[in-house]
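Report on the following structure.
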Amino acid sequence: AYIQTTTMFGSVEIFVPSHWDVHINTIAFFGESSDNHREITPQKDTPDLIITGTVFFGGLDIKP
């Protein structure tokens, strides 16, 4: 699955099951993207979810 997001002057929370493998490919300007949804597990060849987009003056947080 793919999600494309644009975050400006705020935050976005995406809730994902803890067993999913997530790949974050975002560009941040005065902001950040963080993946806090799971413990360290071996990655598969292909992720279950790919998140792309931009973050301007805000945050993107992946949660369980």
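For the sequence shown, my numbering gives the first residue as 2, with consecutive numbering after it.
All C-beta atoms in this analysis are idealised placements derived from N, C-alpha and C, irrespective of residue type, glycine included.
Treat the numbers as computed from the prediction; the structure is a model and nothing was measured.
Helix, strand or coil at residue i [DSSP, three-state]
i   : result
S35 : strand
A29 : strand
V17 : coil
Proximity winner among the options, relative to residue i (alpha-carbon distances)
i   : options             : result
G11 : H24, F30 and D36    : F30
H38 : L50, T8, I28 and A2 : L50
K45 : V13, T7 and W21     : W21
Sheet register partners of residue i (DSSP bridge)
i   : result
T55 : T7 and I28
D22 : Paired residue(s): none; D22 is not in a bridge.
K64 : F16
Expected contact under 8 Å - CB spacing of residue i and residue j to nearest Å
i   : j  : result
G54 : Q5 : 5 Å
Residue i versus residue j: straight-line alpha-carbon distance, rounded
i   : j   : result
S19 : K64 : 8 Å
F16 : P48 : 16 Å
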